Amino acid sequence: MNNPVSLGIDLGTSELKAILMDEQGRVLAHAGARLTVSRPHTGWSEQAPEDWWQACLKALDQLRADQPDAYGRVSCIGLSGQMHGAVLLGQDDRVLYPAILWDDSRAMAQAEALGSEFAEVTGSLPMAGLTAPKLLWLQAHEPVVFSAIDCVLSPKDYLRLRLSGERVSDVSDGAGTLWLDVANREWFEPMLQATGLRLAQMPRLVEGGAASAYLNAAAALRLGLAEGLVIAGGGGDNPVAAVGIGAVNAGDAFITLGTSAAIVAITDHAAGNPASAVHSFCHALPNRWYTMGAMLAGASCLRWVTRLTGTADEQALLDQVQAEWPIGQGVPVSNPLFLPYLAGERTPHNDPLLRGGFMNLGHDCTPAMLGYAVMEGVGFGLLDALHAVQSAGAAVGACALVGGGARSEYWAQLLANILGREIYTLHGSELGACIGAAKLGFVASGQGAALLQAGMPVKARFFPDGAQAAVLQARYRKFQGLLGAAKALHD
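No gaps in the numbering here: position 229 of the sequence shown is 229 in the UniProt record's numbering, and each next residue is one more.
See below:
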């Protein structure tokens, strides 16, 4: 095919995005469809897989309408998606139960019951948000559903099923289930047995750039694409975003600052530290892994405090913060502090019951004070995560900053000051997972290997301001001192 195009699809929690990308890595078009989360009980977080498929159809129909010529040249498909969700299929591929998402905490007791026996193999301590404990919860509370399970898929793999009819996953999403031997990149039967499952109930595993399946006739007809298009293995959103921004070699590192937040370091071997709730997962590329410290709430904390203060939007609150403390001017040590645990925490605390809060409030507190405290508190949480990642032996130098929070230069500079290292933002990073998926699509079709080493153009660089170090270190010590009181509230 002349001038082939790759279709990259990223299934997020709040939005499904899709792009058309050519062999030179140029994004020719992008589209999106919003998604909602159902929270029927405290701590529950669910979505209907059918809604994902409908969002996919909507986004692809938009691409087809906007760029019919490029859409007609689609030669391959790549997939990315939110990790850790449990999609339960019966023998007829019918969905048996709403998909239980990454931020669902109902399986706390089951995660604790699994213990740490296999953590060195699976790359992580059992946590309520990971997939495996959710199946134990279903076994206890939904035995009829559990007994009917024929296969468990990760979210993006449900889209593959609808596109191809095939039950396939990749090793990066597999690592996020807790059922994978991370070093050997294969299913780990002892953990499957510990959650009442058999190897036969797992999808076939492939690498992210491997040909995993092919577009079937029904999907091709509905989408207006050629039957038989190759579908790459793809991967979880973080590793595929890493491919998108060019974080593919050992020593590369980046920070995601979206609904959740994470610090990610690429390694050439499995390198976790389960005791500090540090994940070691498979990258979406062969012979590569990544070490990750994860926070359950990131830029979502800023959205929350914006609503709390009645401010028009996040940018308006950021403007107030910058007006009160311009970049380069430190805040008083006595300013309010914020614990960013609005949804519990993973690294380094592994405590889904932990909750956030402000400390040191006074009558003189302003929305700007609270907005600054929230950004700083998320930064301190990332500093905790950085220390944990380093404890696993991963090297972390300069970090790319991606996600919605990367739009704020003020926050980027604050993170550089807190973390003590260069932070840089990228042009196009908001589509990083889509771009990574499209790259993997080209690789699966036998093209585009050179694209894997291509990064994104740097938008801005931010370096630590030594003049702020003393105050930030003092405030970080105070931040750490609040943890015991926060934990005591649910002990």
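Glycine included, each C-beta is placed from N, C-alpha and C at the ideal position. All values derive from a computational prediction rather than experimental measurement.
Measuring straight from C-alpha to C-alpha, what distance separates residue i and residue j?
i           : j      : result
Met83       : Gly176 : 6 angstroms
Ala109      : Leu135 : 12 angstroms
Pro286      : Pro332 : 48 angstroms
Met191      : Thr311 : 47 angstroms
Leu339      : Gln473 : 16 angstroms
Leu337      : Ala444 : 48 angstroms
Glu23       : Glu15  : 26 angstroms
His458      : Ala247 : This sequence places Val at residue 458; His is not what is there. Rounded to whole angstroms, Val458 to Ala247 spans 13 angstroms at the Cα level.
residue 512 : Glu324 : Outside the shown range of the chain, which is 1 to 491, sits residue 512, and nothing can be said about it.
Ala218      : Arg185 : 32 angstroms
Ala469      : Gly25  : 40 angstroms
Glu207      : Leu159 : 17 angstroms
Ile327      : Gln315 : 15 angstroms
Asp237      : Leu225 : 25 angstroms
Val264      : Cys151 : 30 angstroms
Trp289      : Trp102 : 20 angstroms
Leu92       : Arg162 : The question names Leu, but residue 92 in the sequence shown is Asp. Rounded to whole angstroms, Asp92 to Arg162 spans 13 angstroms at the Cα level.
Glu142      : Ile149 : 11 angstroms
Arg204      : Glu46  : 25 angstroms
Asp491      : Asn216 : 53 angstroms
Thr309      : Ala385 : 28 angstroms
Trp53       : Arg222 : 12 angstroms
Glu422      : Ala416 : 6 angstroms
Ile255      : Glu120 : 24 angstroms
Cys399      : Ser147 : 45 angstroms
Trp137      : Pro49  : 20 angstroms
For residue i versus residue j, is the C-beta spacing smaller than 9 angstroms?
i      : j      : result
Pro464 : Gly420 : yes
Ser429 : Leu401 : yes
Ala70  : Ala29  : yes
Gly455 : Ile266 : no
Met292 : Val389 : yes
Thr425 : Ala437 : no
Ser124 : Pro274 : yes
Leu296 : Ala406 : no
Gly81  : Gly12  : yes
Ala284 : Ala253 : no
Cys282 : Val144 : no
Ala368 : Leu414 : no
Leu354 : Ala486 : yes
Arg346 : Met127 : yes
Leu130 : Leu63  : no
Glu166 : Ala213 : yes
Asn350 : Ser334 : no
Pro133 : Leu178 : yes
Cys76  : Pro4   : yes
Ala342 : Gly356 : Looking at the sequence shown, residue 342 is not Ala but Leu. Their beta carbons are under 9 angstroms apart, which means Leu342 touches Gly356 by this criterion.
Ala294 : Ala392 : no
Under the three-state reduction of DSSP, which class applies to residue i: helix, strand or coil?
i           : result
Ile411      : The displayed chain sequence assigns Trp, not Ile, to residue 411. Trp411: helix per DSSP, three-state reduction.
Asn184      : coil
residue 517 : Lying outside 1 to 491, the shown extent of the chain, residue 517 is not represented and no answer is given.
Asp351      : strand
Ile327      : coil
Asp319      : helix
Met21       : strand
Ile77       : strand
Ala16       : The displayed chain sequence assigns Leu, not Ala, to residue 16. The answer is strand: DSSP assigns Leu16 an E or B state.
His141      : helix
Ala271      : coil
Leu7        : strand
Ser147      : helix
Glu345      : strand
Val374      : helix
Cys365      : coil
Ala247      : coil
On the DSSP bridge assignment, give the partners of residue i in chain order.
i      : result
Val37  : Val37 pairs with nothing; no bridge assigned.
Arg461 : Tyr424
Tyr214 : Val230
Ala253 : Ala265
Ile435 : Paired residues: none, contrary to the question.
Arg204 : Val168
Glu46  : Ser38 and Ile100
Met359 : Leu337
Tyr280 : According to the sequence provided, residue 280 is Ser. The question's Tyr does not apply to it. In the DSSP output, where bridge partners are listed per residue, Ser280 has Thr291.
Val389 : In DSSP, Val389 forms no bridge with anything.
Leu89  : Val95 and Cys151
Gly176 : Gly176 pairs with nothing; no bridge assigned.
Taking contact to mean at least 3 C-beta pairs separated by less than 8 angstroms, is the region 422-440 in contact with the region 376-387?
Segments in contact, no.
Any 3 or more C-beta pairs closer than 8 angstroms across the region 222-242 and the region 165-185
Verdict: yes, contact present.
Are at least three pairs of beta-carbons, each pair with one atom in the region 473-482 and one in the region 265-284, less than 8 angstroms apart?
No, the region 473-482 does not touch the region 265-284.
Stretch pair the region 58-78 + the region 25-41: three plus CB contacts closer than 8 angstroms:
Verdict: yes, contact present.
Is the region 4-20 close to the region 32-44, with three or more CB pairs under 8 angstroms?
With the rule of 3 Cβ pairs closer than 8 angstroms, the region 4-20 counts as touching the region 32-44.
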